[in-house]
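Enquirer: As numbered in this note's numbering, residues 146 to 403 make up the sequence shown, in order. Below are the structure tokens for one structure; questions will follow.
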Amino acid sequence: MKQMLVAGNWKMNKDISESVALVSEILSSLDGKDLKSKVLVCPPFTSIPVVQKLIENTTLLLGAQNCHYESKGAYTGEISPSMLKSAGCEYVIVGHSERRAYFFETDNIVNKKVIALLAHNLKPIFCIGETLNERNDGLTFDVVERQIQLGLKDVVPEQIARIVIAYEPVWAIGTGVTATVEQIDEAHRFIRNRLVELFGSRANDVIILYGGSVNSQNCPEIFAISEVNGALVGGASLVGKEFVSIIDSSETIASSTQ
Ligand code: PGA
């Protein structure tokens, strides 16, 4: 069966009452369904406790959008992996292009986060992807290669299947422009091959998500791409019906590849 995961990245959206409303809507739509896909929501930090309560004992999983790499200490404003673990998170997004671009996170910082999360038994959702200029300059694979090499430095083969990769071309994020099926197929094959070369056959079990303007309309053809194991969804994850419809498409693929 093809592994599928649908993750909602709410970014800096939804206060506590809005978070309750959205999760409640998702839960009631999924009620009674025996999901074959993993489904994950990543609310802002302030909503994590309330969302955790709502999804306890359901099939929905919980993730955070960022973390620091130290366990504790004088890092004003930061949240550590162990804090997220104690709040009930199982996944943490790291290396999102918005963090790389607006908060100056380097490959080295992202790598420290990946290593720290693995040490705390959390699953990193490790984001990679090229900018439009890089693509136009023919550098897509060089960039993805560099991000993999540096971001996954010191990860050992035994750990690789606990990492989720999200390929998100920066030019497709929040723009309404989705990469073409050919572009996604080519990038995901490249990523899978490089992971297998670096980490061996265990890398065949790594979940590789696509992200960038995924919605209920375009997800069926994206999910049908062989090396795509689901999506990291931003804007469309903020609307209950849209998100549930994306989950339904993922379920179609997961069931058809049983
Ligand atoms: P988008 O965001 O779906 O709004 O393009 C995806 C992401 O940034 O993870």
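Glycine included, every Cβ here is placed at the ideal spot set by N, Cα and C.
Taking the Cβ atom as the reference point for each residue, do A232 and Q197 lie within a distance shorter than 8 Å?
Expert: In contact: A232 and Q197 (Cβ atoms closer than 8 Å).
Enquirer: Report the rounded CA-to-CA distance for E366 versus T323, giving the unit in angstroms.
Expert: Approximately 11 Å between the Cα atoms of the pair.
Enquirer: In this structure, how does DSSP classify F271 when only helix, strand and coil are distinguished?
Expert: Correct three-state label for F271: strand.
Enquirer: How do the segment 158-175 and the segment 200-210 stand: do at least 3 beta-carbon pairs fall below 8 Å, yes or no?
Expert: The segment 158-175 is in contact with the segment 200-210.
Enquirer: Report yes if the CB atom of L185 is closer than 8 Å to the CB atom of L150, and no otherwise.
Expert: Yes, the pair counts as a contact, with Cβ atoms nearer than the cut-off.
Enquirer: Per the contact definition of three or more C-beta pairs closer than 8 Å, is the segment 353-365 in contact with the segment 376-391?
Expert: The answer is yes - the segment 353-365 touches the segment 376-391, with three or more Cβ pairs under 8 Å.
Enquirer: Does the Cβ of G380 lie closer than 7 Å to at least one heavy atom of the ligand PGA?
Expert: G380 Cβ: within cutoff of the ligand PGA.
Enquirer: Quick one: grab the DSSP three-state call for C187.
Expert: Of the three classes helix, strand and coil, the one that applies to C187 here is strand, per DSSP.
Enquirer: If I measure Cβ to Cβ from S182 and keep anything under 7 Å in the same chain, skipping five residues before and after, which residues do I get?
Expert: Once the five neighbours on either side are set aside, the close Cβ partners of S182 are M149, L150, V151, G375, I392, S395, E396, A399.
Enquirer: Going by the C-beta, is G319 closer than 7 Å to any heavy atom of the ligand PGA?
Expert: Yes, the beta carbon of G319 sits closer than 7 Å to at least one heavy atom of the ligand PGA.
Enquirer: Between the Cα of V288 and the Cα atoms of E303, I270, V315, which residue gives the shortest distance?
Expert: Cα-wise, what sits closest to V288 is V315.
Enquirer: Output needed for S164: all residues of its chain with C-beta closer than 7 Å, excluding positions within five of it in sequence on either side, in chain order.
Expert: For S164, where only same-chain residues beyond five positions count, the Cβ hits under 7 Å are P188, S192, V195, V196.
Enquirer: Per DSSP, what kind of secondary structure is G356 in: helix, strand or coil?
Expert: Correct three-state label for G356: strand.
Enquirer: Throw me the rounded Cβ distance for the E372 and R334 pair, which I believe falls under 8 Å.
Expert: That belief holds up - the Cβ atoms of E372 and R334 are roughly 5 Å apart, short of 8 Å.
Enquirer: Since C272 contacts E313 with CB under 8 Å, what's their CB separation in whole angstroms?
Expert: C272 to E313, Cβ: 5 Å. Contact.
Enquirer: What's the gap between the Cα of R347 and the Cα of K147?
Expert: Whole-angstrom Cα-Cα distance: 15 Å.
Enquirer: Which residues bound the beta strand (DSSP E) around N154?
Expert: N154 -> beta strand (DSSP E) spans 150-154.
Enquirer: When you compare the CB positions of I310 and V300, do they come within less than 8 Å of one another, or not?
Expert: Not closer than 8 Å, so no.
Enquirer: With DSSP run on the structure shown, which of helix, strand or coil describes G406?
Expert: The structure shown does not extend to residue 406, since the chain is modelled only from 146 through 403, so no value can be given for it.
Enquirer: Going by the DSSP bridge assignment, what does I224 pair with across the sheet?
Expert: The partner list for I224 (beta bridge, DSSP) is empty, contrary to what the question assumes.
Enquirer: Give me the DSSP bridge partner(s) of I310.
Expert: I310 pairs with F271, I353.
Enquirer: According to DSSP, simplified to helix, strand and coil, what is G385?
Expert: It is helical.
Enquirer: Name the residue from V341, V384, L205, D350 whose alpha carbon lies nearest to the alpha carbon of L167.
Expert: Comparing Cα-Cα distances from L167 to each of V341, V384, L205, D350, the minimum goes to V384.
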